[in-house]
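J.:
2 protein chains.
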Amino acid sequence: MDGLTINEAAQTTGWSPRMLRYVEQTGLIATQRSASGYRLYGPEQLQRLRTLKELLARFDLGLSDVAFAARLSASEELRSAVQGWLEEQPRRPDDVAADDWLRFEQEKHQRLLASA
Amino acid sequence: MDGLTINEAAQTTGWSPRMLRYVEQTGLIATQRSASGYRLYGPEQLQRLRTLKELLARFDLGLSDVAFAARLSASEELRSAVQGWLEEQPRRPDDVAADDWLRFEQEKHQRLLASA
DNA sequence: CAAACCTTGACAAGGTCGTGGTAATGTTGG
DNA sequence: CCAACATTACCACGACCTTGTCAAGGTTTG
Chain D
0 MDGLTINEAA
10 QTTGWSPRML
20 RYVEQTGLIA
30 TQRSASGYRL
40 YGPEQLQRLR
50 TLKELLARFD
60 LGLSDVAFAA
70 RLSASEELRS
80 AVQGWLEEQP
90 RRPDDVAADD
100 WLRFEQEKHQ
110 RLLASA
Chain H
0 MDGLTINEAA
10 QTTGWSPRML
20 RYVEQTGLIA
30 TQRSASGYRL
40 YGPEQLQRLR
50 TLKELLARFD
60 LGLSDVAFAA
70 RLSASEELRS
80 AVQGWLEEQP
90 RRPDDVAADD
100 WLRFEQEKHQ
110 RLLASA
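If you read the sequences in order, they're chains D and H. First residue of the first sequence: 0, per the numbering used here; consecutive thereafter. First residue of the second sequence: 0, per the numbering used here; consecutive thereafter.
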């Protein structure tokens, strides 16, 4: 049975045992399990836990932020949708299509009708 | 003074006025202001608000998720740090450096000493 | 001017996050 | 066998997210 148990891993990584279980629950770190269900932390997990802790502290992130980044990283569809929205912004007035303005004017006039 | 006022914008975008202010506060949408401080929504903002709403619904995201994505998008440093951490994972046992294993064994032995 | 609109600021309430406990139960190792 | 440790499943609490609503005060416009 190779791997540290949860309390040992807690000691060397600086996470609490409680948090190690929580981190696992977020999907950010997966552990092996012994035959009877004990979590076993190998050197990779320990390293990952240490660097994760650093990452969170350095940029003041939450686990949920990193979890979302993982989601972004895993889904091309999500990533391009979000990126697409973000890049929609830098449009300057000149770049706005004519029918956007048209729709806009319609809205402005509609409001007059609506208020009647 | 061109641009819809907040209630008009709310009508055509499906957001509540309260949420329009909140969205603005997250930094995801910026509005012009009239001389007296009224928010003015132009066609770009309206379009962005509609697509944002769609994006959130489609992937079940929160505004904070998109805000974080914006942060990722804006900071090369943050992006590469997070990405770096995420890509640290796919290391297979064979790829783990020897001194990681060494450190690992040291830890395992240290724990015996520590418990004495 | 008065009604209808805007602003910011605050309180509220239900949800999730991060974290610590405790309890009940199974496992390990001397 | 028994002490020390693991597991899951809860309760709890403070902080923040999302929303709504209300108050006190300026603005626009018929």
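Using N, Cα and C, we set each Cβ at its ideal position, and we do this for glycine too.
1) Could you work out which residue in D:F67, D:Y21 and D:P42 is closest to H:V81 when comparing CA atoms only?
2) Any contact between the segment 26-35 of chain H and the segment 31-50 of chain D? By contact I mean 3 or more CB pairs, one from each, below 8 Å.
3) Which residue comes first and which comes last in the alpha helix (DSSP H) that contains H:S79?
4) Could you tell me the alpha carbon to alpha carbon distance between D:E43 and D:W14, rounded to whole angstroms?
5) Measuring straight from C-alpha to C-alpha, what distance separates D:T50 and D:L77?
6) D:A68 CB to nearest chain H CB: under 9 Å?
7) Quick one: what does DSSP say H:I5 is sitting in, helix, strand or coil?
8) Among the candidates H:D59, H:Q46, H:W84 and H:G83, whose CA atom is the shortest distance from the CA of D:W84?
9) Could you check how far apart the C-beta atoms of D:L19 and D:L62 are, in whole angstroms? I think they sit under 8 Å.
10) Taking the alpha-carbon positions, what's the H:G41 to H:D64 distance?
11) Work out the CA separation of D:V22 and H:L60 for me, nearest whole Å.
12) Return the CA-CA distance between H:R5 and D:L71, expressed in angstroms with no decimal places.
13) Return no unless some Cβ of chain D is closer than 9 Å to the Cβ of H:S15.
14) Using 9 Å as the threshold, is the C-beta distance between D:L48 and D:A8 below it?
15) Distance check for H:E86 and D:K52, CA to CA, integer angstroms please.
16) Where does D:T25 land, buried or exposed, given buried means 16+ other C-beta within 10 angstroms?
17) DSSP three-state label for H:L39, please.
18) Distance check for H:S79 and D:A73, CA to CA, integer angstroms please.
19) Taking only the alpha-carbon atoms, compute the straight-line gap between D:R17 and D:T11 and give it to the nearest angstrom.
20) Less than 7 Å between C-beta atoms, sequence neighbours within five positions excluded: which residues of the same chain meet that for H:G2?
21) In chain order, what residues of the same chain lie with their CB nearer than 8 Å to the CB of D:A69, ignoring the 5 residues before and after it?
22) So the alpha helix (DSSP H) H:L60 belongs to, where does it begin and stop?
T.: In short:
1) Taking only the C-alpha atoms, the option nearest H:V81 is D:F67.
2) Taking 8 Å as the limit for Cβ pairs, the verdict is that the segment 31-50 of chain D does not touch the segment 26-35 of chain H.
3) E75 to E86
4) 15 Å
5) One alpha carbon belongs to D:T50, the other to D:L77, and they sit about 26 Å apart.
6) Yes, contact with chain H.
7) The three-state reading of DSSP puts H:I5 in helix, counting H, G and I together.
8) H:Q46
9) About 12 Å separates the two Cβ atoms, so there is no contact after all.
10) Approximately 25 Å between the Cα atoms of the pair.
11) 20 Å
12) Inspection of the sequence shows that residue 5 of chain H is occupied by Ile rather than by Arg. The straight-line gap from Cα to Cα measures roughly 32 Å.
13) no
14) yes
15) 16 Å
16) exposed
17) strand
18) 16 Å
19) 14 Å
20) Q31, L39, Y40 and G41
21) G26 and L27
22) Run containing H:L60: none; DSSP gives neither H nor E here.
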